[in-house]
């Protein structure tokens with residue numbers, strides 16, 4: 001979710017409208033996953049049209065977190081950001097991410113978990129949440145992105161003189177290794193020898209290095225119209241497989257073991273790569289008008305803050321409007337209204353907060 005900045009805290013990086021669009025689509029998808037997931041987990045509607053539609057929306061956006069990581073790789077691995085050396089790079093990243101990494105886990109544990117949700121958490125439980133990298137459902141991403149930033153100078157140094165060929169090979173090998181690791185874990189569990197992959201705050205980033213590298217490797221790939229159509233079709237078919245596989249669980253246990261319906265499943269990986277290339281290719285020649293460009297940049301720059309704050313609004317809306325929450329967990333119109341409300345509230349608060357000195361640091 002790294003955002004290109006032109007202020008004094010970062011070297012100038014040319015804006016790429018396609019990456020802004022990808023970031024916006026991804027954060028809208030993240031909110032959809034967390035809203036429509038309430039229908040997916042509602043056994044009262046399971047198997048019906050409403051449930052299947054919610055599954056299609058929820059699992060159909062399984063590519064959004066990997067896409068965020070790819071956008072970060074496309075920007076952060078740029079040579080000009082590494083030119084001043086690791087020390088300067090880390091200083092900028094700490095200034096950009098440090099306040100958010102400190103503030104949001106505290107906010108979600110104290111305010112959302114303890115005050116709003118009434119969880120009785122002691123010091124040991126709080127420490128466990130932090131060390132596991134899961135102070136709240138979505139905040140693992142903070143540790144994920146921090147870890148990737150830590151290794152970014154090393155990755156950039158290896159890529160610097162190798163050109164696109166080296167980048168493509170490196171990204172492909174690392175991403176394939178991550179996918180195989182999860183497939184192997186699934187096969188071992190199916191064989192009665194479970195070896196689950198457990199991540200914590202210090203390892204959340206490891207499985208996503210392949211996506212991080214792929215963002216840089218594919219940033220300049222522009223397909224012709226036929227290639228765009230083929231890649232889009234492949235993405236749709238892969239996402240359809242993920243949706244159907246999840247919806248028919250526990251059928252096809254071998255397929256679920258080999259190709260889990262998660263961020264590191266092979267079909268998700270293929271779909272994410274295709275979507276990234278399709279959006280980049282479709283918008284490669286697009287130069288938005290100044291007003292459109294300013295709006296796009298404002299919304300794109302707010303995506304990180306929206307990602308961080310949106311779950312708080314979901315919790316508050318469910319508490320304050322229980323009838324609305326019930327409708328959002330059982331009907332498509334209710335979930336759609338909840339999604340729209342959370343999106344609008346999150347963007348408005350984030351855009352305004354980013355205009356306030358100091359406060360903008362956590363958004």
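In full-length UniProt numbering, the protein residues as written are 1 to 363.
Every residue, glycine too, gets a C-beta built ideally from N, C-alpha and C.
Determine the contact status of residue 342 and residue 314, defining contact as a CB-CB distance below 8 angstroms.
By one-based count along the chain shown, residue 342 stands at place 342. By one-based count along the chain shown, residue 314 stands at place 314. In contact: residue 342 and residue 314 (Cβ atoms closer than 8 angstroms).
CB contact flag (residue 76, residue 152, <8 angstroms):
As a first step, residue 76 is located in the chain shown; it is residue number 76 there, counting from the start. As a first step, residue 152 is located in the chain shown; it is residue number 152 there, counting from the start. Residue 76 is a Cβ neighbour of residue 152, given a cutoff of 8 angstroms.
Does residue 272 pass the burial test, meaning 16 or more other C-beta atoms within 10 Å, or should it be called exposed?
In the chain shown, residue 272 corresponds to position 272, counting from 1. Answer is buried; the Cβ neighbour count reaches 16.
Unbroken alpha helix (DSSP H) run spanning residue 20, endpoints
Here residue 20 is taken as the residue at index 20 of the chain shown, counted from 1. Looking at the DSSP string, the run of the alpha helix (DSSP H) that includes residue 20 is 17-40.
Rounded to the nearest angstrom, what separates residue 366 and residue 338 at their Cα positions?
Look at the range of the chain in this structure, 1 to 363, and you will see that residue 366 is not part of it.
Determine the DSSP secondary structure at residue 47, reduced to helix, strand or coil.
As a first step, residue 47 is located in the chain shown; it is residue number 47 there, counting from the start. Three-state result, residue 47: coil.
Would the stretch 169-179 count as touching the stretch 261-281 if we require 3 or more Cβ pairs under 8 angstroms?
Contact between the stretch 169-179 and the stretch 261-281 is present, because at least three Cβ pairs lie under 8 angstroms.
If you reduce the DSSP assignment to three classes, tell me which class residue 310 lands in.
Residue mapping note: residue 310 aligns to position 310 of the chain shown, counting from 1. Correct three-state label for residue 310: helix.
Can you tell me whether residue 53 is helix, strand or coil according to DSSP?
One-based indexing of the chain shown puts residue 53 at position 53. When secondary structure is reduced to three states using DSSP, residue 53 falls in the helix class.
Rounded to a whole number of angstroms, what is the C-alpha to C-alpha distance between residue 141 and residue 204?
Indexing the chain shown from 1 puts residue 141 at position 141. Indexing the chain shown from 1 puts residue 204 at position 204. The straight-line gap separating the alpha-carbon atoms of residue 141 and residue 204 is approximately 8 angstroms.
I want to know whether the stretch 180-190 touches the stretch 99-118 - three or more CB-CB distances under 8 angstroms.
The stretch 180-190 and the stretch 99-118 do not touch, with fewer than 3 CB-CB distances between them shorter than 8 angstroms.
Identify which residue in 133, 78, 32 has its Cα closest to the Cα of residue 104.
The residue labelled residue 104 in the question sits at position 104 within the chain shown. It is 133.
In its own chain, which residues sit with a C-beta less than 8 angstroms from the C-beta of residue 326, not counting the 5 before and 5 after it?
Numbered from its first residue, the chain shown carries residue 326 at position 326. So the list reads 334, once near-sequence residues are dropped.
Closest by CA to residue 160, which one among 288, 317, 83?
If you number the chain shown from 1, residue 160 lands on position 160. Closest option to residue 160, judged by alpha-carbon separation, among 288, 317, 83: 83.
Integer Cβ distance of residue 148 from residue 209, believed to fall under 8 angstroms:
For the purposes of this step, residue 148 is taken as residue 148 along the chain shown, with counting starting at 1. For the purposes of this step, residue 209 is taken as residue 209 along the chain shown, with counting starting at 1. Contact holds; Cβ gap of about 7 angstroms.
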